[in-house]
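Peer 1: Numbering (this note's numbering) for the sequence shown: 19 to 465.
Glycine included, every Cβ here is placed at the ideal spot set by N, Cα and C.
Sending over a structure as structure tokens; questions will come in a sec.
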Amino acid sequence: MKAEEYIKEAIEKVKVKNKGEETFIQAVEEVLTSLTPFIEQNPQYIENNILERIVEPERQIIFKVPWEDDNGKIQVNRGFRVEFNGVLGPYKGGLRFHPSVALDSMKFLSFEQTFKNSLTGLPIGGGKGGSDFNPINKSDREIKRFCESFMNELYRHIGPDKDVPAGDIGVSGKEIGYLFGHYRRLKGAYENGVITGKGFNYGGSRIRPEATGYGVTYFVQEMLKDIGETIVDKKVAVSGYGNVAWGVCKKVTELGGKIVTISEKDGYIYVPEGLTEEQVEYMLYLRSHTELTLKDYADKFNLEYIAGKKPWERKVDIVIPCAIQNELNLDDAKEILANQVKIVCEAANMPCTPEAIELFESNNIPYAPGKAANAGGVAVSALEMSQNSMRYQWTAEEVDAKLHEIMKDIYEKSKEMSEKYNVSLAKGANIAGFKKVADTMIMQGNY
Ligand code: GLU
Numbered sequence: 019m020k021a022e023e024y025i026k027e028a029i030e031k032v033k034v035k036n037k038g039e040e041t042f043i044q045a046v047e048e049v050l051t052s053l054t055p056f057i058e059q060n061p062q063y064i065e066n067n068i069l070e071r072i073v074e075p076e077r078q079i080i081f082k083v084p085w086e087d088d089n090g091k092i093q094v095n096r097g098f099r100v101e102f103n104g105v106l107g108p109y110k111g112g113l114r115f116h117p118s119v120a121l122d123s124m125k126f127l128s129f130e131q132t133f134k135n136s137l138t139g140l141p142i143g144g145g146k147g148g149s150d151f152n153p154i155n156k157s158d159r160e161i162k163r164f165c166e167s168f169m170n171e172l173y174r175h176i177g178p179d180k181d182v183p184a185g186d187i188g189v190s191g192k193e194i195g196y197l198f199g200h201y202r203r204l205k206g207a208y209e210n211g212v213i214t215g216k217g218f219n220y221g222g223s224r225i226r227p228e229a230t231g232y233g234v235t236y237f238v239q240e241m242l243k244d245i246g247e248t249i250v251d252k253k254v255a256v257s258g259y260g261n262v263a264w265g266v267c268k269k270v271t272e273l274g275g276k277i278v279t280i281s282e283k284d285g286y287i288y289v290p291e292g293l294t295e296e297q298v299e300y301m302l303y304l305r306s307h308t309e310l311t312l313k314d315y316a317d318k319f320n321l322e323y324i325a326g327k328k329p330w331e332r333k334v335d336i337v338i339p340c341a342i343q344n345e346l347n348l349d350d351a352k353e354i355l356a357n358q359v360k361i362v363c364e365a366a367n368m369p370c371t372p373e374a375i376e377l378f379e380s381n382n383i384p385y386a387p388g389k390a391a392n393a394g395g396v397a398v399s400a401l402e403m404s405q406n407s408m409r410y411q412w413t414a415e416e417v418d419a420k421l422h423e424i425m426k427d428i429y430e431k432s433k434e435m436s437e438k439y440n441v442s443l444a445k446g447a448n449i450a451g452f453k454k455v456a457d458t459m460i461m462q463g464n465y
């Protein structure tokens, strides 16, 4: 059987088996088709039927999360943990608390996470979890009660050598604290490496909050180097205003670039001269006060707020989507193309639709996928696990230097594969991430 035919057949099977799970199917289709030239030259993967094996999650856990709101009413949410692939290490990946969370998004995120984690070169498998719980406008006590109820079920599935969650959308330091505190009580033991993104006081890593955004910026620097440019004075459009966006804004501003937009679902702010350091820091305050919106931020600093539009309509040098899957579609991509943007680098997980990616690649706009560019977050999580195992904490400089090296290495690996198989950087990243997982599955025999 030829590679193309084998890949098509594997995708068809995924579509039948996972009916209605559109985002998961989208992610699988993107990764599998990008492997064509690689599998053509390495037919042993066809003999091993590796594709059908690699798209099946090892374990999918769905559970009930009842919790009491401040009015004494019992609410019910649904909790998830998908342990997608564990050949490289304990399952690793964040927890997302967001109304869009369902089995489909959990499967797509844990599938992507598997290849992302492989790219880091660190010993971590791929997983993801979360709940359709919406933390917006919830009181601190409600969030605590929810986290405790969530952990009442999750704790039996996780462990420092088993499955290690962390944060994602809607889950930051505060929630991680409640989750870890409750896990510790349930287990009666200080299993420090069971969760990452912890506060420094109780085993967190320096630079973990900044890591995703810093890593993305280091990755962008490598992409710029390739076209003979630097980040100094570049205009950068960012979407979102959460943890990832904040890290990108902080590092880009520090290195002399200009962040001209950040956004929320219903609009964005435009700052032609670039956000100041003070404005970037205030994003943290905004994020932790869910009753505030970006419009309030714009009013506080007297900035232009454009309602009902996306930041991609602006003429900038670099576009960095930092919000959520499929936020940047074909129409946005057309605007980006017309604006002669130099680089598109994903910081969120799969923010560009397949049609948008196709447009960038067919017009030779350097484009990097989230699974390569945003791997700095989970990489520093893996470094947090190392520090927990050693019962020791590195300095910020030590962690940052390691992060920088890891990001350069991911760029190199992706580029090497893209050159070897004559494909785009994004496809090169897929090949590099896939190869390590697939080869290890074969080595371990039964996976
Ligand atoms: N949620 C982040 C991601 O998408 C970080 C996961 C982690 O640190 O385990 O990669």
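(1) Go through the segment 47 to 96 residue by residue and report every complete run of the beta strand (DSSP E) that reaches 3 residues or more, in order.
(2) Please tell me whether residue 122 and residue 54 are closer than 9 Å, where the distance is taken between their beta carbons.
(3) Decide if residue 297 is buried, meaning its Cβ has at least 16 other Cβ atoms within 10 Å, or exposed.
(4) Looking at the strands, I want to know which residues DSSP matches up with residue 253.
(5) Is the separation between the beta-carbon of residue 22 and that of residue 58 shorter than 9 Å?
(6) Give the straight-line distance between the Cα atoms of residue 137 and residue 90, rounded to the nearest whole angstrom.
(7) Identify every residue that forms a DSSP beta bridge with residue 164.
(8) Measuring straight from C-alpha to C-alpha, what distance separates residue 119 and residue 452?
(9) Would you decide whether residue 338 is buried or exposed? Buried here means 16 or more other CB atoms lie within 10 Å of its CB.
(10) So does residue 184 have its beta carbon nearer than 8 Å to some heavy atom of the ligand GLU?
(11) Just verifying my parser: in three-state terms, what is the DSSP assignment at residue 184?
(12) Less than 8 Å between the CB atoms is what I'm expecting for residue 237 and residue 109, so what's the real figure, rounded?
(13) Are residue 286 and residue 279 touching if we call contact CB-CB under 9 Å?
(14) Please find out if some non-hydrogen atom of the ligand GLU comes closer than 8 Å to the beta-carbon of residue 399.
(15) Curious, which full-length alpha helix (DSSP H) runs of at least 4 residues does the segment 99 to 157 contain?
(16) Between the alpha carbons of residue 255 and residue 113, how many angstroms are there, rounded?
(17) Closer than 8 Å is the cut-off here; do at least three beta carbon pairs connect the segment 377 to 397 with the segment 436 to 448?
(18) Could you pull the DSSP bridge partners for residue 189 from this structure?
(19) If you count every other CB in all the chains shown that lies within 10 Å of the CB of residue 301, and 16 or more means buried, which is it?
(20) With 16 as the cutoff for other CB atoms within 10 Å, does residue 461 come out buried or exposed?
(21) Can you tell me which of the three DSSP states residue 363 falls into?
(22) Does the separation of the CB atoms of residue 211 and residue 407 fall below 9 Å?
Peer 2: Taking the structure as given:
(1) As summarised for the segment 47 to 96, the continuous beta strand (DSSP E) elements at least 3 residues long and confined to that stretch are 77 to 86, given in chain order.
(2) No, the Cβ-Cβ distance between residue 122 and residue 54 is not below 9 Å.
(3) Looking at its Cβ environment, which holds 16 or more other Cβ atoms inside 10 Å, residue 297 is buried.
(4) Residue pairing by DSSP puts residue 253 in a beta bridge opposite 276.
(5) Yes, the Cβ-Cβ distance between residue 22 and residue 58 is below 9 Å.
(6) The alpha-carbon atoms of residue 137 and residue 90 are separated by roughly 46 Å.
(7) Partner(s): none; residue 164 has no beta bridge.
(8) If I take the Cα positions, the gap works out to 25 Å.
(9) It counts as buried.
(10) For the ligand GLU, at least one heavy atom lies less than 8 Å from the Cβ of residue 184.
(11) The answer is strand: DSSP assigns residue 184 an E or B state.
(12) Actually they are not in contact, since the Cβ atoms of residue 237 and residue 109 sit about 24 Å apart, beyond 8 Å.
(13) At the C-beta level, residue 286 and residue 279 come within 9 Å of one another.
(14) Yes, Cβ of residue 399 sits closer than 8 Å to a heavy atom of the ligand GLU.
(15) 121 to 138, all fully within the segment 99 to 157.
(16) Going by the C-alpha atoms only, they are around 27 Å apart.
(17) Between the segment 377 to 397 and the segment 436 to 448 there are three or more C-beta pairs closer than 8 Å, enough to call the two in contact.
(18) In DSSP, residue 189 forms a bridge with 186.
(19) Buried, by the Cβ-count rule.
(20) By the beta-carbon neighbour count (other beta carbons within 10 angstroms, threshold 16), residue 461 is exposed.
(21) Here residue 363 carries a strand assignment [DSSP, helix/strand/coil].
(22) For residue 211 and residue 407, yes; Cβs fall inside 9 Å.
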